[in-house]
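Each position in the sequence shown, counted from 1, maps to that position plus 72 in our numbering.
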Amino acid sequence: MRLVLKRGIIWAIFELKANAVVSIFLKGCHLMIPNTVLALIAAKPGRLRDSLRALLTAIPQIDVVNQVDEGPLALKMVTQFHPTLVLLDSNLPSSEIQSTLKRIKGELPQPRCIVLVDNDQQQCDANNSGADAVLVKGFSVANLFGTVEKLLSVPGG
73 MRLVLKRGII WAIFELKANA VVSIFLKGCH LMIPNTVLAL IAAKPGRLRD
123 SLRALLTAIP QIDVVNQVDE GPLALKMVTQ FHPTLVLLDS NLPSSEIQST
173 LKRIKGELPQ PRCIVLVDND QQQCDANNSG ADAVLVKGFS VANLFGTVEK
223 LLSVPGG
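Dropping the structure here:
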């Protein structure tokens, strides 16, 4: 999926797998067909974000993966598109991660949030801010897949 901003309106252009469920944002109206698993990655552009997108796209349950590079935009995307899964990178400003995570966890329906951290202090901060899971960078692909599978299998997630 790619996002295009024209005249203050975010237009989502989807490239979907066969039999995928469609989510469309059109002129301020959000139409979502049930059973879509949307994921949002909030991380600065680069290898980590590209790798996360590739890995999440490989998970059969996930139909669409959106990407943003700042906390406030992540919050806006959560409000508009109601993703099932949100991944937040600790390389965003620390206060931005904590406040964004707390606000995201207050949204309904509540997305499952994974925070990717560099150290123990960030891990503690993420847990205190309401993260559903925290992964220390350097995690294995199997660990990421297992965490995502576990969070998606929880009712409401």
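From the three backbone atoms N, C-alpha and C, an ideal C-beta is built for every residue, glycine too. All values reported here derive from a predicted model rather than from experimental measurement.
Residue environment, residue i, which counts as buried when at least 16 other CB atoms sit within 10 Å
i, result
"Thr151", "exposed"
"Ile85", "Bear in mind that the predicted position of Ile85 carries a pLDDT of just 45, short of 50, making it unreliable; the figure below should be weighed with that in mind. Its Cβ having fewer than 16 others within 10 Å, Ile85 is exposed."
"Asp190", "exposed"
Contact set for residue i: own chain, Cβ-Cβ below 6 Å, skip 5 residues either direction
i, result
"Asp161", "Ala115, Leu188"
"Val109", "Gln133, Ile134, Asp135, Thr156"
For residue i, three-class secondary structure by DSSP
i, result
"Gln182", "coil"
"Asp192", "helix"
"Val137", "strand"
"Ala205", "strand"
"Ile113", "strand"
"Val220", "helix"
"Leu164", "coil"
"Val226", "coil"
Identity of the residue in the options nearest residue i by Cα
i, options, result
"Pro144", "Leu127, Ala130, Arg119, Glu168", "Glu168"
"Asp204", "Arg184, Phe211, Gly210, Val220", "Arg184"
"Ile186", "Ile176, Leu180, Gln193", "Ile176"
Close Cβ partners of residue i (< 7 Å) along its chain, the five nearest in sequence each way excluded
i, result
"Thr129", "Val137"
"Gln139", "Ile113, Arg121, Arg125"
"Val208", "Val189, Gln195"
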